[in-house]
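Residue numbers (this note's numbering): 38 to 367.
Note that CB positions come from ideal geometry on N, CA and C, so glycine has one too.
Given the structure is predicted, the values throughout are model-derived calculations rather than measurements.
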Ligand code: SF4
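What follows is the structure, given as structure tokens:
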């Protein structure tokens, strides 16, 4: 059964930092803080609309949930309680910073029915974290993950690609460190440079040199492939498509169909490997039915690519194949 979230945004509240890339208004399209009555209204509406709530979590996203004033955090958690339990939602999901996790906080989250914690790791290279004013280290991420696991929460990590001062070697190191931690879920965010952020100033002055878009999609395709091979669910790849992000984005790697682009690259790479050196006029590839459009590529890019090198490619569905698995049939 597909997992769902009832997302409630707590924009920038409680965050002790101002990261180089952060413009919470653009990301959440909202400045006002939700109060208990707002949370109850959102939960009541969602539970009336959803026939089976057992696969649905109430998710507090946006800021650093465990760094908000304690009374306010408890107010929000209290407000959800009547909607949890046997006929209610299956739990609460929160996102926070790695340096805002402690045993005291985890005790509270456990008591209020929180089931999943997502940490903004962003990079596992200290010089990249420092250059982007994250205010925590890679060790803080590793320590917070160990504690979250010890308490039995589902663990999610958010990682950014193409931050200021990050090289491709740093990106690969981050990927390998995240794989070692082996979270349950990952969100991959290619850096979108939003206006009114320190990153936008650095881009404008020429101090921040971006990777090319193709480099980033190729690397994110590799991440998707390696996380899938490890059994780590990638629940997001690319920023949520919103008109506010599109409006405020002054550079970087925002694309409304970013994941589809990366998956297209992943399948094209595998098709190229399977075809090998020998030229073919035709080829039939099988993929899982849910992956046919991914293998075809964004705007049929893969079909057109192979056509341009003289191979007419057809993609068929096969229920027996796993996600991202592909076989050459003819
Ligand atoms: S920790 Fe999160 S909310 Fe806080 S400034 Fe950084 S990105 Fe923004």
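{"Asked": "Spatial neighbours of residue 253 in its chain, beta-carbon cut-off 7 Å, leaving aside the 5 residues before and after", "Found": "198, 199, 227, 290"}
{"Asked": "Sequence-distant residues of the same chain with beta carbon closer than 7 Å to residue 261, five excluded per side", "Found": "271, 274, 299, 300, 303"}
{"Asked": "Length of the line joining the Cα atoms of residue 249 and residue 129", "Found": "38 Å"}
{"Asked": "Delimiting residues of the alpha helix (DSSP H) encompassing residue 306", "Found": "295-312"}
{"Asked": "Residue 286 beta carbon near the ligand SF4 (any heavy atom closer than 7 Å)", "Found": "no"}
{"Asked": "Nearest residue (CA-CA) to residue 357, options 338, 69, 340, 326", "Found": "326"}
{"Asked": "Distance between beta carbons of residue 224 and residue 184, contact taken as under 8 Å", "Found": "Not really, about 20 Å apart at Cβ, beyond 8 Å."}
{"Asked": "DSSP-derived helix/strand/coil call for residue 182", "Found": "helix"}
{"Asked": "Pairwise C-alpha distance: residue 186 and residue 204", "Found": "30 Å"}
{"Asked": "Test item: CB-CB of residue 286 and residue 211 under 8 Å", "Found": "no"}
{"Asked": "Residues bridged to residue 42 [DSSP beta-bridge criterion]", "Found": "94"}
{"Asked": "Alpha helix (DSSP H) segment containing residue 250, residue limits", "Found": "250-267"}
{"Asked": "Check: residue 55 C-beta below 7 Å from any heavy atom of the ligand SF4", "Found": "yes"}
{"Asked": "Completely contained alpha helix (DSSP H) runs for the region 89-154, where each covers 4 or more residues", "Found": "107-117, 140-148"}
{"Asked": "Candidates 213, 241, 72, 171: closest to residue 269 by CA position", "Found": "213"}
{"Asked": "CB contact flag (residue 113, residue 73, <8 Å)", "Found": "yes"}
{"Asked": "Inter-residue spacing [alpha-carbon to alpha-carbon] between residue 136 and residue 181", "Found": "7 Å"}
{"Asked": "Inter-residue CB distance, residue 98 and residue 169 (contact presumed, cutoff 8 Å)", "Found": "Residue 98 to residue 169, Cβ: 20 Å. No contact."}
{"Asked": "Through-space distance from residue 124 to residue 91, alpha-carbon basis", "Found": "7 Å"}
{"Asked": "Alpha helix (DSSP H) segment containing residue 197, residue limits", "Found": "Looking at the DSSP string, residue 197 is not in any alpha helix (DSSP H); the run it does join, the beta strand (DSSP E), is 191-198."}
{"Asked": "C-beta contact flag for residue 320 and residue 312 at 8 Å", "Found": "yes"}
{"Asked": "Nearest-angstrom Cβ-Cβ length linking residue 258 and residue 306, presumed shorter than 8 Å", "Found": "7 Å"}
{"Asked": "Which listed residue (60, 220, 133) has its alpha carbon closest to that of residue 230", "Found": "60"}
{"Asked": "Proximity test, residue 101 beta-carbon vs the ligand SF4 heavy atom, cut-off 7 Å", "Found": "yes"}
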